[in-house]
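Single-structure report; data block below.
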Amino acid sequence: MRSPSSRVLGNPVMALLVAATIAFSIVFSAVQARAVEVQRVVSPGGIEAWLVEDHTNPIIALELSFLGGAALDPQGKVGLAEMVSSSIDEGAGPLDSQAFQGELDNLSITLRFNAGLDSFSGSLETLTENRERAFELLRLALTEPRFDEEPVERIRSQIIARLSRESEDPNTIASRTLRRLMFGEHPYARPVNGTEASIAAITADDLRGFVQQRFGRDRLFVGVVGDITPAELGKALDETFGTLPEKAAPFTVAEAQVGNPGAVVVIDKPIPQSVVALGHQGIKRKDPDYYAAYVVNYVLGGGGFSSRLVEEVREKRGLAYSVYAYLAPLDHGAIIAGGTATQNARVGESLELIRQEWARMAAEGPTAEELDDAKRYLTGSFPLRFNSSDNIAGMLVGMQMEDLGIDYFDKRNSYIEAVTLDDARRVAKRIYRPDALSVVVVGAPEGITATQDAPSGGS
Amino acid sequence: MAVFRRPARLAAPFFGLLALFLAALAGLPGSAGAKVFDPVSFTLDNGLQVVVVVNRRAPIVHHSVWYRVGAADEQAGESGLAHFLEHLMFKGTESLAPGEFSDIIAANGGRENAFTSWDYTAYYQTVAADRLEIMMKNEADRMTNLMLTDDVVLPEREVVREERRSRIDNEPGSQLGEISRAVQFLNHPYRIPIIGWDHEIEQLSTEAAVAFYDKWYAPNNAILIVAGDVDPAEVRALAETYYGVIPAKDVPERERVVEPPQNAPRQVKLESPRVRQPQVQVSYLAPSYRQAENNDAYALQVLSEVIGGGATARLYSRLVVEQGIAGSAGAGYNPTNYDYSTFTFYVAPRPGGEVAPLEEALRAQIAELLANGVSEEEVTAAKKRLVAGAVFARDNLATAPRVIGAALTTGGSLEDIEAWPERIDEVTAADVNRAMKGVLRDEQSVTSYLLPEPTS
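In order, the protein sequence lines correspond to chains A and B.
Oh and the first sequence: position 372 is 376 in the working numbering, straight run, nothing missing.
Oh and the second sequence: position 171 is 235 in the working numbering, straight run, nothing missing.
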């Protein structure tokens with residue numbers, strides 16, 4: 005059966021397209037320089053955007069992000085940012101929901117918003133011929149959203165339906181439980197999508213309040229790619245974002261402490277394959293060791309057929325289709341996490357192998373050959389990210405938010421190249437702690453002993 | 065949340081492919097009459113068709129080989145063999161150790177994957193444009209020199225069984241989908257899942273995989289597609305060097321059985337405590353591009369857009385927005401199959417809502433459609449959206465190879481792809497209303513219910 009395409013979930017077909025593009029990629033810093041030149045555009049009104057001008061196709065892609073995300077959702081109204089992201093394009097200014105969506109459809113304009121833990125983002129894609137109307141619809145959504153009763157109740161029901169569906173999905177249960185286990189009382193432990201009770205409690209005034217407090221020009225980052233000149237973009241920036249408040253409401257997020265090291269939680273479900281999620285304290289994006297950690301983690305479980313986890317768990321023993329590890333640096337905390345899915349009878353064996361590889365990497369680091377291979381892949385594949393306009397626009401926003409510099413595209417590979425074998429070994433020892441792994445298993449696993457019950461908070 | 069995103073996995077994302085292709089087609093180019101991908105094509109002496117799409121946005125290239133063989137070409141009792149062989153194609157050749165081609169790709173900064181459908185199997189890499197030769201050399205190598213031993217085949221069979229557990233056996237919705245297809249097609253092999261039935265996967269042998277490879281994998285049964293920052297003349301020279309030397313061989317015609325008349329509507333129902341949100345799907349047997357008469361395949365795409373193409377399309381605006389009884393509602397149709405396709409409607413009630421009245425409302429929409437047809441205004445708006453979206457298909461490097469590969473392995477031509485905007489633009493309301501009458505017939509339908517465990 006097809007997956008339901010409630011609007012709240014975003015267009016599932018597009019989601020697939022996006023998911024599929026993850027698999028595509030590219031090559032060399034030297035080559036890539038000729039393909040991508042980043043311009044800093046500052047509008048007459050003082051609004052900044054980074055632009056990659058490209059007139060190949062009559063398309064413009066814009067990505068925007070406001071710092072401050074779902075981690076700021078008030079107690080009892082968790083899911084507020086998510087609900088705003090799903091209803092802000094359901095009518096604005098003089099246009100009701102169907103009129104607004106009808107214009108987007110008829111002009112082939114894609115407008116989407118997304119709530120993350122640390123930021124609230126949006127993306128716009130349009131044909132050049134509809135540029136002015138597309139930017140105007142974006143302006144209306146950001147500054148004059150209506151939050152009429154019909155769409156708000158419709159979106160609320162769609163979010164609740166999704167939460168309900170996900171409540172029996174083993175992957176979702178595993179990742180949410182792991183997050184609660186590791187982040188405890190910190191807002192990062194809460195589900196971005198909220199709970200059925202918290203979503204039910206959110207009012208239209210809450211949605212309006214979010215827009216008034218969060219959308220300030222001082223928190224705004226914009227990236228644009230495509231068929232538009234700097235002068236045209238400067239004008240459009242003022243028209244689109246000029247009427248936003250100068251400053252968003254101030255906020256702070258506490259630093260997260262990662263807790264429950266070594267815990268093992270089992271959630272019983274009558275399914276043939278157990279889903280395993282695990283993790284511990286990680287490393288932040290701004291940490292001087294971040295690039296070394298990134299390279300080392302690629303060797304352990306970061307991608308491709310050649311990682312140690314894939315070799316041991318999948319290739320040699322056929323225990324899983326998927327096994328991986330990744331760095332998850334957030335603004336106010338960081339984790340290293342991983343996971344797999346394996347038949348119930350062999351969960352103990354799979355988990356033991358993952359722990360062994362975690363320990364071996366901590367003790368020995370990568371070999372010189374593994375480090376060299378990882379660096380060659382990570383530098384060589386960087387240009388593959390430049391495969392579509394919205395991907396590049398998203399990178400332009402990320403570079404600004406992470407303060408990576410406007411020359412990041414040129415410099416990024418040198419950061420990878422600079423990682424030495426000593427760095428890699430030192431950082432591997434620093435970041436991987438097999439005994440600290442918190443583990444969540446969802447299914448009917450054998451060979452696993454739980455050390456504690458699932459943390460409360462629902463799954 | 066994105067932080068807990070699972071990385072894109074290797075090998076065989078075949079479930080997304082059909083929808084992906086729909087998205088690509090729904091996203092096809094500019095004004096009617098404009099070129100879509102403007103491909104260059106030629107055929108080598110050994111029968112390998114080569115297609116080149118120049119795209120100079122970035123110094124990268126997408127290289128793929130498509131074989132005209134898929135799950136529907138398997139023999140009875142060997143379900144899953146086409147997909148299993150796809151996995152095994154990464155296990156080495158006479159000159160490369162298992163996984164060595166993957167290591168070479170990674171060392172060159174490339175990414176790769178493969179996928180299997182009922183009608184085709186494809187392998188691709190994306191890499192810096194100046195590394196194209198390395199990809200060609202090794203992809204050509206495994207077209208003819210694959211070497212398999214039980215040492216690598218048997219663990220991989222367990223990987224595939226884990227893949228099946230992840231995709232199907234752990235997911236009630238996917239289990240229902242499998243059963244739904246099995247009754248939609250009474251005779252045709254589209255009734256069998258691509259990944260295979262587990263009891264047959266576990267019996268697949270090295271010998272069977274080798275036999276399937278020997279039977280179907282040949283240059284004259286394949287299509288090479290190169291898209292990106294390349295010069296067609298250079299691609300031709302490289303293709304002749306590496307692929308041109310592989311001898312053609314006798315490849316059998318595809319022999320696909322035909323559906324008998326379908327004389328009764330069918331219903332399937334899956335009830336499980338693991339289902340928290342019910343869903344109903346009604347699917348009808350429909351023609352593929354290759355089978356369709358007149359311009360029915362194009363008219364049915366327009367129909368799908370009119371009733372299911374977004375927030376202002378009929379089903380969503382009426383059932384979700386106006387009547388407020390559905391949480392989601394839509395329709396789908398993909399004619400890019402060698403044989404049959406399906407035209408599908410789906411609805412899910414709002415939380416706490418009942419399935420029966422919603423199903424009734426959906427059937428009322430279908431009845432009204434059949435009684436009154438679609439209007440010329442609806443058709444005009446839908447065509448505009450379909451055709452306008454086409455420009456976006458050129459934005460992503462991977463779209464052209466996917467669209468072209470799927471078309472050429474299912475009986476379509478490059479001319480068909482390039483003419484797509486024009487053919488959509490020519491569709492009239494009368495065409496849509498004629499085409500739907502041949503498809504939306506109860507006796508060739510399957511209704512699938514995904515339901516929570518009954519409380520009574």
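Glycine included, C-beta positions come from ideal geometry on N, C-alpha and C.
A quick note: this is a predicted structure, and the numbers were derived from the prediction, not measured.
Helix, strand or coil for residue i? Go by DSSP, reduced to three states.
i, result
"A/Tyr325", "coil"
"B/Arg340", "coil"
"B/Val294", "coil"
"A/Ile63", "strand"
"A/His284", "strand"
"A/Val235", "One detail in the question is off: residue 235 of chain A reads as Ala in this sequence, not Val. In this structure, A/Ala235 counts as helix in the three-state DSSP scheme."
"B/Lys333", "strand"
"B/Phe407", "strand"
"A/Gln261", "coil"
"B/Asn359", "coil"
"A/Ile26", "Caution is warranted here: a pLDDT of 26 is assigned to A/Ile26, below 50, making its placement in the model unreliable, and the coordinate value is therefore given only provisionally. A/Ile26 falls in the coil class under three-state DSSP."
"A/Tyr436", "coil"
Can you check which of these residues, the options, is closest to residue i by C-alpha distance?
i, options, result
"B/Pro325", "B/Pro103, B/Gln508, B/Gly111 and B/Asn284", "B/Gln508"
"B/Thr180", "B/Asp137, B/Ala170, B/Val247 and B/Ile258", "B/Ile258"
"B/Gln365", "B/Asp489, B/Asp205 and B/Val346", "B/Asp489"
"B/Gln355", "B/Pro399, B/Thr492, B/Trp261 and B/Asp194", "B/Pro399"
"A/Glu406", "A/Arg223, A/Ser418 and A/Val423", "A/Arg223"
"A/Ser125", "A/Gln360, A/Leu115 and A/Leu131", "A/Leu115"
"B/Ala457", "A/Arg437, A/Ile63 and A/Glu189", "A/Ile63"
"A/Val46", "A/Gly322, A/Arg321, A/Val226 and A/Leu441", "A/Val226"
"A/Arg429", "A/Trp54, A/Glu154, A/Ala367 and A/Pro438", "A/Ala367"
"B/Pro330", "B/Ala273, B/Ile310, B/Phe249 and B/Pro342", "Contrary to the premise, residue 330 of chain B reads as Arg rather than Pro in this sequence. Ranking B/Ala273, B/Ile310, B/Phe249 and B/Pro342 by Cα distance to B/Arg330 puts B/Phe249 first."
"A/Val431", "A/Leu55, A/Leu334, A/Val56 and A/Gly369", "A/Gly369"
What residues of chain A sit near residue i, judged by a beta carbon separation below 7 Å?
i, result
"B/Thr376", "Gln102, Gln105, Gly106 and Asp109"
"B/Asp233", "Pro276 and Gln277"
Within 7 Å of any Cβ in chain A, is that where the Cβ of residue i sits?
i, result
"B/Thr511", "no"
"B/Glu298", "no"
"B/Leu196", "no"
"B/Asp167", "yes"
"B/Thr270", "no"
"B/Asp137", "no"
"B/Thr190", "yes"
"B/Val116", "no"
"B/Val346", "no"
"B/Glu226", "yes"
Going along chain A in order, which residues have a C-beta closer than 9 Å to the C-beta of residue i?
i, result
"B/Lys99", "Those within 9 Å of B/Lys99 in chain A number zero; the least Cβ separation is about 12 Å."
"B/Lys448", "Asn110 and Ser112"
Does any residue of chain B have a CB that is nearer than 7 Å to the CB of residue i?
i, result
"A/Asn301", "no"
"A/Pro276", "yes"
"A/Gln285", "no"
"A/Glu41", "no"
"A/Ser127", "no"
"A/Glu133", "no"
"A/Asn61", "yes"
"A/Ser310", "yes"
"A/Glu172", "yes"
"A/Gln404", "no"
Pull up the CB-CB distance for residue i and residue j, whole angstroms please, since I reckon it's below 8 Å.
i, j, result
"A/Leu66", "A/Val228", "5 Å"
"B/Leu608", "B/Ala499", "Only positions 65 to 520 of chain B appear in the structure, and residue 608 of chain B is not among them; the question remains open."
"A/Glu319", "B/Gly163", "7 Å"
"A/Leu1", "A/Val269", "Absent from the model: residue 1 of chain A. The displayed extent of chain A is 5 to 463, so no value can be given."
"B/Ala291", "B/Pro465", "5 Å"
Name the chain B residues that come within less than 9 Å of residue i, Cβ to Cβ?
i, result
"A/Glu319", "Pro162, Gly163, Val216, Pro219, Glu220 and Val223"
"A/Arg158", "Val384, Val385, Gly388, Gly391 and Arg414"
So which residues on chain B does residue i lean against when the C-beta distance must stay under 8 Å?
i, result
"A/Ser168", "Arg340, Gln341 and Pro415"
"A/Arg380", "Ala170, Ala171, Asn172 and Gly173"
"A/Thr199", "Within 8 Å Cβ-Cβ: nothing; A/Thr199 doesn't reach chain B, min ~13 Å."
"A/Gln2", "Because residue 2 of chain A is not part of the residues shown, which for chain A are 5 to 463, the question remains open."
"A/Asp58", "Arg121"
At a CB-CB cut-off below 8 Å, which residues of chain A make contact with residue i?
i, result
"B/Ser230", "Gln277, Tyr325, Ser326 and Ala345"
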